[in-house]
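In what follows, a structure is listed as structure tokens, so that the remarks can point back to it.
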Amino acid sequence: ISAFIINVFAYTAAGATSCPPIIGGASEALSKLVGVEPLGHACGSDSLFHYYVCCGKASADCCFRLQTWVIVSVAVCAAIILTSVVLSLIRCVFCRR
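Quick note on our numbering: the sequence shown kicks off at 90 and runs consecutively.
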């Protein structure tokens, strides 16, 4: 069981390649044994800016997620711009000659 949990965490850290996740080919082997098509579908490929995770009912859908550093960078830039606008307005209102 611990090996299965470690595989799931290693899989989710790298991003989903197919949903539902195929851990060690177990889902594919089981579907061949039963004679049905495997469930789920392939997700898109990850990039520097985004990745995919399995979501939805039974984790059968691929969901787009932004990398954490992209979210932090956008938040920092937005905070800098907002601070600049507020300080400019304060300067404009209180520093008139």
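A virtual CB, placed ideally from N, CA and C, is assigned to each residue, including glycine.
At the C-beta level, residue 138 and residue 163 stay beyond 7 Å of one another.
According to the DSSP assignment, residue 181 belongs to the alpha helix (DSSP H) that extends over 157-183. Nearest to residue 156 by alpha-carbon distance, out of 136, 109, 175, is 136. Taking the CA atoms as reference points, residue 175 sits about 12 Å from residue 183. Residue pairing by DSSP places residue 108 opposite 130 in a beta bridge. The beta carbon of residue 152 lies closer than 7 Å to those of 141, 142, 144 in the same chain, with the five residues before and after it left out.
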